[in-house]
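In what follows, a single structure is set out as structure tokens and then discussed.
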Amino acid sequence: MEKSQKNIGQSDENCPVRKSLKLLGGKWTLLILFQINERVLRYGELKRCIPGISEKMLIQELNFLVEHKLVSKKSYPEIPPKVEYRLTTLGLNTLPIVDRLAAFGLENLNEQPIL
Numbered sequence: 736m737e738k739s740q741k742n743i744g745q746s747d748e749n750c751p752v753r754k755s756l757k758l759l760g761g762k763w764t765l766l767i768l769f770q771i772n773e774r775v776l777r778y779g780e781l782k783r784c785i786p787g788i789s790e791k792m793l794i795q796e797l798n799f800l801v802e803h804k805l806v807s808k809k810s811y812p813e814i815p816p817k818v819e820y821r822l823t824t825l826g827l828n829t830l831p832i833v834d835r836l837a838a839f840g841l842e843n844l845n846e847q848p849i850l
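Using the numbering used here, the first residue of the sequence shown is number 736, and each one after it goes up by one.
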């Protein structure tokens, strides 16, 4: 009896995994998406939710996510400036991926130190 095998093609520029990694493979990307989730967060709230991220990196990541339509940004003409971030429909589609990664971590990595 033969096992059915997945047909896995070459990982060239048309590879869906490669395309997904270009979009979601940043060091902070999934953490940002996880924190925003189904909420609306202001910049300062988001910064407090992700210890260790620099302001420069958070701004770069948010700009990247806005540019690629994973996150929407709403600015209010106030002093001090008020900016809110929320996931777009595309961004919301990433939540099952993030949830599965979180479940994997809880199930398999709780007691293991990560180097």
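Every residue gets a Cβ at the ideal spot worked out from N, C-alpha and C, and that includes glycine.
Where DSSP assigns a beta bridge to residue i, which residues make up the other side?
| i | result |
| --- | --- |
| E819 | R777, K809 |
Contact check, residue i vs residue j under 8 Å by CB: the rounded distance?
| i | j | result |
| --- | --- | --- |
| P816 | S810 | 7 Å |
| L825 | K804 | 5 Å |
| R777 | V818 | 6 Å |
| W763 | E796 | 5 Å |
| L765 | L836 | 7 Å |
According to DSSP, is residue i helix, strand or coil?
| i | result |
| --- | --- |
| P751 | helix |
| N845 | coil |
| N828 | coil |
Just mark residue i as buried or exposed, buried being the case when its beta carbon has 16 or more other beta carbons within 10 Å.
| i | result |
| --- | --- |
| I771 | buried |
| L768 | buried |
| L800 | buried |
| M736 | Annotation note: pLDDT 47 at M736 (below 50); position unreliable, no value reported. |
Within the chosen definition, does the stretch 748-759 reach the stretch 784-791 through at least 3 CB pairs nearer than 8 Å? no
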